[in-house]
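Beneath this line is the structure, given in structure tokens, with notes to follow.
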Amino acid sequence: MPETVADDTTTALQAAFPSVTLRESLDLPAVTVPVDEVIAVLQWLQEERGYDFLVDITAVDWAENTSPRFTLVWHLYSTTRHTYIRVAADCADDAAPVAPTATGLWPAADWHERETFDLMGIKFEGHPDLRRILMWEGYPHHPLRKEFPLAGIETELPDIEVAEETAAKVIAAPMMGGPFVASSKGEMNLTDAEPRAKDESWNEKLPKPE
Amino acid sequence: MVSPNSAIAFDNKIEGDIVISRLDAVINWVRTNSMWPMPMGLACCAIELMGTASARFDIARFGAEVMRFSPRQSDCMIVAGTVTYKMAPHLRRIYDQMAEPKWVIAMGACASSGGMYRSYATLQGVDRIVPVDVYVSGCPPRPEALLDALIKLQDKVKRTPSLKNLTA
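Shown next as structure tokens:
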């Protein structure tokens, strides 16, 4: 667990930026910031409070038809005072979310923002090289969005030549029916499932026999 | 006389300096015992592949110790690990660059079927893009299992009508 040293960072932050509100949090001090002020807040934390290490940038998708739908989250750490802080900002546009880039403050923000763009579809304005980082160029979806099914959506392979030659596609692969998975009734398919799963004499509920 | 499926025995006191055999048997004998792998080490199976190549299990006993990272020089692609859709076209291109004759071993659950990765990012079995000769079960398979797969592949090669395939 990170340390939760009681200090005046959040109150001082609220004094410097009146629009900053405290955010419910079980672990770290956390604040909610309007998205257009977030870079100024991050810069203030970096310069005035020694939060010199960018731990993570990520985003939350609160599901379709919610507003605000996307919340950006920054985690900062101070290597001198050994404290963390969480900064969150709601994206204004739910359909085409946009956020300012933090690459000017921490070069490490580059790949974090590329990942957030790749998986969540949030565009970072001013990013020097906003390409996909995990999925391939030209992939039509953003897989961590709530409307994207875990199994995937059928699309073309990244390479057209190989796709033509092999007639292979990116297919939807639902867990159900695959190996290692029980049916929706809770029974294992004893013919198709992996061999070791056939022994159901012990599981999470029943203790392993001696 | 050497038949393709029996051990090769040659007695120079009887047969002199001339060996009479079938071309199939000779070609397959050569192919079987110098099967240079193309190690497609993509995930944790690659660690077992390294173990198979190392001293304890010693894949050199089967003439397959020369891991070639150039597809031009390799005969047998060992797909060891999870193949993502992003990687799949590169794997296929490497396979296309390998010179004939060539074989593929799908090592482990991921390469064989996608394994536990039923997701948007993982190719559900490498046999969707390259023809697989031997599948190895396990997650990851023991080195012995990979050696068994190699022996099975060698058996398969010994049964191939290589001359017919070459002249066809």
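Chains as they are written, first to last, in our numbering: chain Y, 1 to 210; chain X, 1001 to 1168.
Quick reminder that beta carbons are idealized off the backbone N, C-alpha and C, glycines included.
According to DSSP, is residue i part of a helix, a strand, or is it coil?
i	result
Y:F117	helix
Y:I160	helix
Y:K123	strand
Y:F17	coil
X:V1019	coil
Y:Y139	coil
Y:F70	strand
X:P1037	strand
X:M1050	helix
Y:T86	Residue 86 of chain Y is actually Arg in this sequence, not Thr. Strand, per DSSP.
Y:D53	Sequence check: residue 53 of chain Y is Phe here, not Asp. The answer is strand: DSSP assigns Y:F53 an E or B state.
Y:L45	helix
X:C1045	helix
Y:D61	strand
X:I1014	helix
X:V1130	coil
Y:W111	helix
Y:P149	coil
Y:L22	strand
X:V1002	Unreliable placement is indicated for X:V1002, whose pLDDT of 48 sits below 50; no coordinate value is reported for it.
Verify the CB distance criterion: does residue i have a CB-CB separation below 8 Å to chain C?
i	result
X:G1108	Given the protein chain composition of this structure (Y and X), no chain C is represented.
From residue i to residue j, what does the alpha carbon distance come to, in whole angstroms?
i	j	result
X:K1152	Y:T58	48 Å
Y:I122	X:D1155	54 Å
Y:G138	Y:P158	7 Å
Y:L144	X:R1093	29 Å
X:L1163	X:I1020	16 Å
Y:M120	Y:D56	15 Å
X:R1142	X:P1037	18 Å
X:V1030	Y:H127	57 Å
X:G1125	X:S1112	5 Å
Y:L150	X:R1068	37 Å
Y:I133	X:R1118	21 Å
X:L1091	Y:P97	35 Å
Y:E194	X:S1137	Here Y:E194 scores only 48 on pLDDT, less than 50, and its place in the model should not be relied on; the value that follows carries that caveat. Rounded to the nearest angstrom, the two C-alpha atoms are 10 Å apart.
Y:I160	Y:R81	52 Å
Y:D8	Y:Q14	10 Å
Y:C91	Y:T116	13 Å
X:R1022	X:G1016	17 Å
Flag residue i as yes if its beta-carbon sits less than 8 Å from any beta-carbon of chain X, otherwise no.
i	result
Y:A99	no
Y:E3	For Y:E3, the predicted model reports a pLDDT of 49, less than 50, meaning its position is unreliable and no value from the coordinates is stated.
Y:T116	no
Y:D220	Only positions 1 to 210 of chain Y appear in the structure, and residue 220 of chain Y is not among them; the question remains open.
Y:P143	yes
Y:W111	no
Y:I171	yes
Y:W136	yes
Y:P174	yes
Y:G152	yes
Y:V20	no
Y:T166	yes
Y:V162	yes
What residues in its chain sit with their C-beta under 7 Å from that of residue i, if we drop five residues either side in the sequence?
i	result
Y:E154	K169, V170, I171 and A172
X:C1139	G1108, A1109 and G1115
X:A1099	R1072
X:K1063	Sequence check: residue 1063 of chain X is Gly here, not Lys. Within the same chain, X:G1063 has close Cβ partners N1033, S1034 and M1035.
Quick one: measure Cβ to Cβ for residue i and residue j, integer angstroms, because I've assumed they're closer than 8 Å.
i	j	result
X:L960	X:M1087	Because chain X here runs from 1001 to 1168, residue 960 of chain X falls outside it and cannot be looked at.
X:L1146	X:T1082	X:L1146 to X:T1082, Cβ: 17 Å. No contact.
X:V1104	X:V1079	7 Å
X:A1106	X:D1127	7 Å
X:I1059	X:L1166	Not really, about 27 Å apart at Cβ, beyond 8 Å.
Y:E125	Y:P100	6 Å
Spatial neighbours of residue i within its chain, please: C-beta separation below 8 Å, excluding the five flanking residues on both sides.
i	result
Y:F17	V33, E37, A40, V41 and W44
Y:E64	K146 and E147
Y:S19	V33, P34 and E37
Y:D110	T103, H127, P128 and D129
Y:S25	R86
So is residue i in contact with chain Y if we call contact Cβ pairs under 8 Å?
i	result
X:I1059	no
X:Q1097	no
X:K1086	yes
X:R1142	no
X:G1063	no
X:V1083	no
X:G1171	Since the first and last residues shown for chain X are 1001 and 1168, residue 1171 of chain X lies out of range.
X:I1129	yes
X:G1114	yes
X:R1092	yes
X:P1089	yes
X:S1119	yes
X:Q1154	no
X:Q1073	no
Within its chain, find whatever has a CB closer than 6 Å to the CB of residue i; leave out the 5 residues flanking it on each side and keep chain order.
i	result
Y:V73	T58 and A88
Y:W62	R69
Y:W136	P158
X:S1054	none
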